[in-house]
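To start, the structure under review is shown below, and the notes come after it.
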DNA sequence: TTATATGTTCGATA
DNA sequence: TTATCGAACATATA
């Protein structure tokens with residue numbers, strides 16, 4: 001479940017569970033090496049005998065500093081997650097990378113669908129630069145957010161999912177913020193006012209902070225969060241007469257409350 | 001069997 | 001050249 005809040009929660013988990021433990025072994029469990037963006041021996045060489053000394057996150061991208069000065073970069077794709085376990089028998093299904101520590105604990109990078117990525121990089125900064133990754137959503141200034149979106153013709157939702165200018169928004173958060181502000185996902189960016197764009201950022205930050213506070217446990221999200229009703233035909237309590245409708249925007253499944261989210265005229 | 005899934009990238013097209 | 005669009009990636013589940 002990896003959008004910004006999920007990755008931030010995993011960063012905290014990583015930090016608490018394995019920081020400063022010496023790495024005793026590394027297992028690679030993806031025979032076709034789809035998730036390993038660096039050669040396996042390079043990953044192995046950089047991890048073995050070292051420890052993680054720090055963590056960092058930019059949008060949905062997680063970085064762990066290795067005691068040799070380099071960084072392990074983890075991206076979770078659609079289905080990635082982390083889990084600590086203790087022995088071969090309890091290794092989670094779909095573990096792709098397993099890092100064993102001196103105290104016997106192990107960290108699994110789990111990813112059934114294999115859209116996730118693992119690699120050794122020089123630093124979060126250089127990665128961000130080389131991959132044209134935008135500013136983390138929690139740190140972008142409203143003026144820069146507006147600048148990144150105004151005067152473009154693309155659908156607002158498509159632009160929100162683009163990680164190039166600001167990073168961290170994924171499919172459910174995009175739907176959530178567009179619902180809150182009352183904007184149709186297919187509205188061209190150029191038709192939105194500066195105030196509407198600023199409202200979107202404010203909404204996004206609130207959503208993300210709430211999700212992090214609740215450890216991204218959906219069951220404990222506020223009852224009026226749209227994600228609780230994000231399926232065709234559902235009824236949001238604030239809109240009892242407007243069933244949730246589904247559409248496709250930029251190739252992604254999209255849900256709206258038609259009564260609240262209407263395209264502007266002209 | 002078909003459709004969908006919380007993401008990113010790359011090639012084609014305008 | 002820049003902006004946008006759609007397919008592709010690999011696998012599970014309903």
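In this note's numbering, the protein residues as written are 1 to 266.
Backbone N, C-alpha and C define an ideal beta-carbon position, used for all residues, glycine too.
(message) Taking 8 Å as the threshold (C-beta atoms), are residue 130 and residue 105 in contact?
(response) As a position in the first chain, residue 105 is number 105, starting the count at 1. As a position in the first chain, residue 130 is number 130, starting the count at 1. Cβ distance not < 8 Å, so residue 105 and residue 130 don't count as in contact.
(request) Note the first and the last residue of the continuous beta strand (DSSP E) segment covering residue 80. (result) In the first chain, the residue the question calls residue 80 occupies position 80. Per DSSP, the unbroken beta strand (DSSP E) holding residue 80 starts and ends at 80-85.
(message) Runs of 3 residues minimum, wholly inside the stretch 61-147: which ones carry the beta strand (DSSP E) assignment?
(response) 61-66, 71-75, 80-85, 95-101, 106-111, 117-121
(request) Pull up the distance between the alpha-carbon of residue 132 and that of residue 257, whole angstroms please. (result) Numbered from 1 along the first chain, position 132 holds the residue referred to as residue 132. Numbered from 1 along the first chain, position 257 holds the residue referred to as residue 257. Taking the straight line from one Cα to the other gives about 34 Å.
(message) Looking at the secondary structure, which residues open and close the alpha helix (DSSP H) in which residue 52 lies?
(response) On the first chain, residue 52 is found 52 positions in, with the first residue counted as 1. It is not in any alpha helix (DSSP H) - residue 52 instead sits in the beta strand (DSSP E) that spans 52-58.
(request) Helix, strand or coil for residue 15, going by three-state DSSP, please let me know. (result) Your numbering for residue 15 matches position 15 in the first chain. In the structure shown, residue 15 sits in a helix (DSSP, three-state: H, G or I).
(request) Check the DSSP bridge columns for residue 26 and list the partner residues they point to. (result) Counting from one through the first chain, the residue named residue 26 turns up at place 26. Beta-bridge pairing links residue 26 to 99.
(request) Report all residues from its chain with a CB closer than 6 Å to the CB of residue 40; omit the five preceding and five following residues, and keep chain order. (result) The sequence position of residue 40 within the first chain is 40, counting from 1. Once the five neighbours on either side are set aside, the close Cβ partners of residue 40 are 28.
(request) Compute the Euclidean distance between the alpha carbons of residue 31 and residue 188, then round it to the nearest angstrom. (result) Here residue 31 refers to the residue found at position 31 of the first chain. Here residue 188 refers to the residue found at position 188 of the first chain. Roughly 43 Å between the two C-alpha positions.
(request) Leaving out five residues on either side along the sequence, give the residues of the same chain with a beta carbon under 7 Å from the beta carbon of residue 7. (result) Position 7 of the first chain, counted from the first residue, corresponds to residue 7. 57, 60, 62, 76, listed in sequence order.
(message) Using a Cβ-Cβ cutoff of less than 8 Å, which residues in the same chain neighbour residue 67 once the five nearest sequence positions on both sides are dropped?
(response) The residue given as residue 67 occupies position 67 in the first chain. Within the same chain, residue 67 has close Cβ partners 50, 51, 52, 53.
(message) Contact between the stretch 94-110 and the stretch 122-129 is defined here as three or more beta-carbon pairs at a separation below 8 Å; is this criterion met?
(response) no
(request) Have a look at the DSSP bridge pairing and note the partners of residue 247. (result) Counted from its first residue, the first chain places residue 247 at position 247. Residue pairing by DSSP places residue 247 opposite 254 in a beta bridge.
(request) Taking residue 123 as the reference, give the member of 145, 65, 35 with the closest Cα. (result) Within the first chain, residue 123 is the residue found at index 123, counting from 1. For the residues 145, 65, 35, the minimum Cα distance to residue 123 belongs to 65.
(message) By the three-class DSSP mapping on this structure, what secondary structure does residue 185 have?
(response) Position 185 of the first chain, counting from 1, holds the residue named residue 185. Three-state DSSP puts residue 185 in coil, outside helix and strand.
(request) Could you name the residues of the same chain whose beta carbon sits closer than 6 Å to that of residue 252, not counting the 5 residues immediately before and after it, in chain order? (result) For the purposes of this step, residue 252 is taken as the residue at position 252 of the first chain. If we look at residue 252 and ignore the five residues flanking it on each side, its Cβ neighbours are 171.
(message) Please report the distance separating the alpha-carbon of residue 228 from that of residue 134.
(response) Translated into the one-based positions of the first chain, residue 228 becomes position 228. Translated into the one-based positions of the first chain, residue 134 becomes position 134. Separation of residue 228 and residue 134 (C-alpha to C-alpha, rounded to the nearest whole angstrom) is 29 Å.
(request) Below 8 Å on the Cβ atoms is my guess for residue 196 versus residue 183; work out the distance and round it to an integer in Å. (result) Numbered from 1 along the first chain, position 196 holds the residue referred to as residue 196. Numbered from 1 along the first chain, position 183 holds the residue referred to as residue 183. Sure, about 6 Å apart at Cβ, within 8 Å.
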